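Here is the structure we will look at, set down as structure tokens.
In the numbering used here, the protein residues as written are 2 to 185.
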């Protein structure tokens with residue numbers, strides 16, 4: 002899958018958010034500590050699951066699925082779940098569990114540490130909201146066994162039912178760009 006075209010305002014926001022990390026967007030470098038730079042983009046669906054499979058204390062479980070590509074990994078599939086509390090305050094995403102499966106079948110498992118989605122309520126159809134995310138790599142398989150590191154991302158969701166043929170009722174379009182350093 003080729004690069005995903007994000008709206009220019011979203012791209013600017015992503016550069017501002019992510020460009021302050023150890024390496025700027027789109028640069029392939031290693032850190033002095035030997036970490037490998039990871040950059041990726043995925044697109045898919047977000048669904049708010051009111052049945053709450055994560056047993057969130059308040060709010061509900063958000064589920065994300067997407068496909069795309071990433072440096073170090075090739076084609077990727079991403080699945081994620083987190084508790085989401087509908088509020089216009091920070092830290093409205095908790096208990097994040099993200100699985101990134103590489104083209105080789107190797108897996109990175111991440112734990113969501115911080116998640117902030119603002120504005121929270123975009124009632125206008127077609128309205129966009131964004132979420133900044135900080136995840137920590139907790140495990141890896143295959144060539145990624147023993148992986149550690151921190152991944153930062155920004156996700157965009159559009160308030161409209163997706164017209165994609167694979168979209169279930171209530172699924173909305175979801176795009177994510179992410180980067181970080183991976184030690185393995």
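Think of the CB as a built atom: it goes at the ideal place given N, C-alpha and C, for glycine as much as any other residue. Since the model is a prediction, treat every value here as computed from it, not as a measurement.
What's the C-alpha gap between residue 162 and residue 172?
6 Å
Would you list the residues sitting across from residue 165 in a DSSP beta bridge?
Beta-bridge pairing links residue 165 to no other residue.
Which residues bound the beta strand (DSSP E) around residue 174?
173–184
Under DSSP, the beta strand (DSSP E) around residue 66 begins and ends at which residues?
Counting along the chain, the unbroken beta strand (DSSP E) around residue 66 starts and ends at 61–71.
So residue 115 is in the beta strand (DSSP E); what residue range does that whole segment cover?
Taken as a continuous stretch (DSSP letters only), the beta strand (DSSP E) holding residue 115 covers 108–119.
Is it the case that the Cβ atoms of residue 109 and residue 141 are separated by a distance below 8 Å?
Contact: yes.
Considering only their Cβ atoms, is the gap separating residue 46 from residue 62 smaller than 8 Å?
no
Can you give the beta carbon distance from residue 113 to residue 70, rounded, assuming they're within the 8 Å contact cut?
Wrong, their Cβ atoms sit about 22 Å apart, outside the cutoff.
The beta strand (DSSP E) that contains residue 76, what's its start and end?
Judged by DSSP secondary structure, residue 76 falls within the beta strand (DSSP E) whose first and last residues are 75–85.
Counted within 10 angstroms of its Cβ, other Cβ atoms place residue 153 as buried (16 or more) or exposed
buried
Taking its Cβ as the centre, do 16 or more other Cβ atoms sit within 10 Å of residue 56, making it buried, or is it exposed?
exposed
With DSSP collapsed to three states, give me the class of residue 147.
coil
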